[in-house]
Amino acid sequence: MTDAVLAETPASAVPPAVAAPSVVQPTTPAATLAGAPQDAATPVASTAASDHTTDPVSTPSAAAVELTAVQPDSAAAATAQAETVPAADTTPAEATDAVATAGAEEPKPEPLPMSPQMEALLAQFAKAKENPADFNGWTALISAADKLADIDRIREVYDAFLAEFPLCYGYWKKYADAEARSGSLDHAAHVYERGVASIPYSIDLWGHFAMFKQNQGASHEEMQGLFERSLAYVGSDFLAHGIWDKYLRYESSHEAWQNVAALYTRVLQNPIKELARYWKSLEEFSGEHDVVALMATEEQEALRLSLEQQQQAAQDAKTSAATTAAVSAPAVPAESPAQAPLDGDGTAPAEAASVTAASAPAADAAPAAVPNGDVKPENISEAMPGDIDMADADVEAPPGEEPVPVIVITVEQIKAAWLSQRQQLYSASSEELERRRSFEEAIKRPYFHIKPLDAGQLVNWMRYLDYIEQKDDHPSTIRLYERCLVPCASYPEFWARYARYLEKRDLAGAQSVVQRATLVHAKRTADTHIFAAHFEERHGRIEEARSSFAHVTTTLNPSLLTAVFAHASFEKRQGNKQAAQEVLKKALQREEAAGENSQYGLALVAYINFMQHAFGEETEGRAAYAAALEKNPSSKAVWEGAIRYEENLRKPDTVSRVLALYDKATAPPADSSTKALAVPDRELLSQRSVDFAEQHGTIEDVTAAETRHAQRFKLAVKVVEAASRKRAAEAAASGTAQPAAKKAAIAAAATPTASAAPLTPTSAAAAAAAAAQAAASGAPAASGAPAAAYSYPSYSYPPQQYPPYYGQYPAGSYGYPGY
């Protein structure tokens, strides 16, 4: 539901609160979130035994309170006693009857018959509990419960479903809506609190919660607290503009302009998708409002001081530059004034004195004459050759004597500085946004769904985590992991990576992550529990590790052999050989009892190899393989295990024993009732026997292996099948295909017998013609005839046409180390 729809529902449209039973609490409490901000955590009731005096959902109804006030216990007892005591004017018999009638229990009303809808709901509920991983079954159950409008059943269904799938934010909202429709607004608020505790990184759920509280008339302080809690979790999310917009609209509706300005400052520090829009909005906001008046006093003083310091520094730099220039400039000697002609007594002309006197101010007295007739005006230095008349020269006074300039800071300067600071924040966030954009735009499903993610999105999350980890920004890394583990909650690889990241920094947080994975989100995945077991073992919690292994091998997936061997290896590391053998033997017994579809061969091979390598057991292996091959000679895994076992022993008789096993494994069955390996498997092992003899045997061993292989597999099955497919295609193209005849020929060629002799081209052609004729006529082909065993010639060329194989290479060139 969009915010617009929520906003259209006025608070008065919600039915008034009525008495309701206590909420059914979820079966699994919300796990502690690793790395969540401490001030954003909200305590949420997780058990039914919460304090009923403080829990709003457990408060007694108004009717119950009224009854208690009107009829306290003592008054009720007195009333009951008065009703049972007979009146004074009644007879003893009547009194006895009255007492007996009063003491008799009233008959209980018969239960109302269950409606068909309720019966269907209960049947669906039982089915969902039997298979809790069936998401579609749960959603159908929720739809059926919503139609009944029975709040008790609705609570029971939603609590059970959300205990299995707590990341489905849409169902938390549907649950709260159901509570609101029933009139339980306190219950609805409580459901929202449980929801944001279970999935605190859901922008949508925080937005719905905020609109719900706003429609219920929450106070300004309460709404601010809710918005701040949401921003602590999702404020830096790429798509967080939804919650920022709601917060800005709310503060603007209350004309809290100072808060709006502060919110703009905060949002510009986050690399979110709508960052450019917020910067443009801030510029418009600053043009419409007196930004200086919206600043806190401390911020104004800080900006003013910063501007004054900047101006003072600029003036100091200017003065310093001027002084440096004056000092470093070369001195220029002044020209000596032309001497006027002197009188006979050496004095200056009289008119010079009169000019000097006339040039003096009228208020001043004429200067006194000095000897020799020179005039010395006040404040004028003696004129010496090269001196500068400071009164007439156009130069600056010394820095210490010049007036101190007054620094004036205007409102526009403060506003410009304020915007400049925000622009710097915006620029830094824009750069980070561009670095993250490719990762963010590749996220197509940021919410949880039971369907698996495609490989591209999984790889993108891994690369995004690589990027954020190398930035060494722990809070941002925590937020990205939490965001990732909403759509990727079903993948143990991401939980394990998160735990490993936290393990080096916050061991308690890592422990919380492991618990969330194993108890709630990935609890049905064996890899999750195996990782948890290794985690517990690393930190010395041996019994917890043993419990995790046992949960997988006995309950979750007993047929998972990798888990079985991991469990046995764990017991080996603890020095408990008997426990390791017990784990493996139980797995063998289960697989043996499973029948033909079991993994008994693989389990046996792994068991013997494990005991051989882990504890050096060699005596039991050969006997165990012999017994297994006697029971199941058609198991390729057992044959390969027995051969590998003998190879690893490295005894003097290893080569002969291995070749004997190859010979026995590749021998054709004596008859159709004898169990044996399939033809492709026998051929593969036969070729391996030749390779083994080539590497480790003598020339006699090589010759025997090659001869045996040539006799038993004259043409490789793949060669026969390829030729048959080619001929079938050619026949189909020419319209002369005879499928029945070709099938008979291929089947005969792929099923050699021990007594079959090499065929000549003549006999092979005759056999093929006979089989084709029989198939065309509808008669079955003759079985057991040597001519039908092989339809294609094998060794029809004279041997002398081919040079001897071993004569082409010098002796010893293929020498392999023996045993």
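Numbering (the numbering used here), first residue to last: 181 to 999.
Backbone N, C-alpha and C fix where the C-beta goes; we use that ideal spot for every residue, glycine too.
In chain order, 334 place their CB closer than 6 Å to the CB of residue 358, counting only its own chain and leaving out the 5 sequence neighbours on each side. The shortest CA-to-CA distance from residue 425 to any of 395, 394 and 458 is the one to 458.
Judged by DSSP in its simplified three-state form, residue 629 adopts coil rather than helix or strand.
Between the alpha carbons of residue 722 and residue 704 lies a distance of about 22 Å. Inclusion of residue 759 and residue 749 in the CB contact set at 9 Å is not warranted, their separation being larger than that value. Only buried fits residue 431, as 16 or more other CB atoms lie within 10 angstroms of its CB. Here DSSP, grouped into helix, strand and coil, assigns residue 334 to helix. Going by beta carbons, residue 353 and residue 322 fall outside the 9 Å limit.
Residue 825: member of the alpha helix (DSSP H) spanning 816 to 829, first to last residue. By the Cβ neighbour-count rule, residue 587 is exposed, with fewer than 16 other Cβ atoms within 10 Å of its own. Counting C-beta atoms within 10 angstroms of its own C-beta, residue 779 has 16 or more neighbours from the protein chains shown and is therefore classed as buried.
Put simply, the backbone Cα of residue 797 is about 5 Å away from that of residue 791. Here the alpha carbon of residue 393 sits roughly 15 Å from the alpha carbon of residue 363. The beta-carbon distance between residue 869 and residue 846, rounded to whole angstroms, is 7 Å. This is short enough to meet the 8 Å contact definition.
The alpha carbon of residue 860 has as its nearest neighbour, out of 837, 872, 889 and 834, the alpha carbon of 889. In the structure shown, the three-state DSSP call for residue 381 is coil.
By the Cβ-count criterion, residue 769 is exposed, with fewer than 16 other Cβ atoms from all chains shown falling within 10 Å of its own Cβ. In the three-state DSSP reduction, residue 739 falls in the coil class, being neither helix nor strand.
Between the alpha carbons of residue 368 and residue 620 lies a distance of about 33 Å. In the structure shown, the three-state DSSP call for residue 684 is coil. In this model, residue 757 and residue 741 are separated by some 18 Å (Cα to Cα). Ranked by Cα distance from residue 300, the first of 312, 325 and 309 is 325.
Each residue's CA atom was taken as its position, placing residue 395 and residue 351 some 20 Å apart. Residue burial annotation: residue 669 is buried, with at least 16 other C-beta atoms found within 10 angstroms of its C-beta. Assigned with DSSP and collapsed to three states, residue 705 falls in coil, not helix or strand. Assignment of residue 871 by DSSP, reduced to helix, strand and coil, places it in the helix class. Taking all protein chains in view, the Cβ of residue 687 is surrounded by fewer than 16 other Cβ atoms within 10 Å, so the residue is classified as exposed. For residue 487 against residue 594, the beta-carbon gap comes to about 7 Å, under 8 Å, which counts as contact.
Residues of the same chain with a CB within less than 8 Å of the CB of residue 638, apart from the 5 flanking positions on each side, are 668 and 671 in chain order. For the alpha helix (DSSP H) assignment, the uninterrupted runs of no fewer than 4 residues enclosed by the region 728 to 793 are, from N- to C-terminal side, 741 to 753 and 757 to 773.
Runs of alpha helix (DSSP H) with 4 or more residues, each lying fully within the region 396 to 443, are found at 400 to 414 and 421 to 433, listed in chain order. For residue 889, the uninterrupted alpha helix (DSSP H) segment begins and ends at 879 to 892. Residue state for residue 798 is assigned as coil, using DSSP reduced to three classes. Between the beta-carbon of residue 814 and that of residue 840 there is about 19 Å, and that puts the pair past the 8 Å contact cut.
Using a 10 angstroms sphere on the CB of residue 470, the tally of other CB atoms stays under 16, which defines it as exposed.
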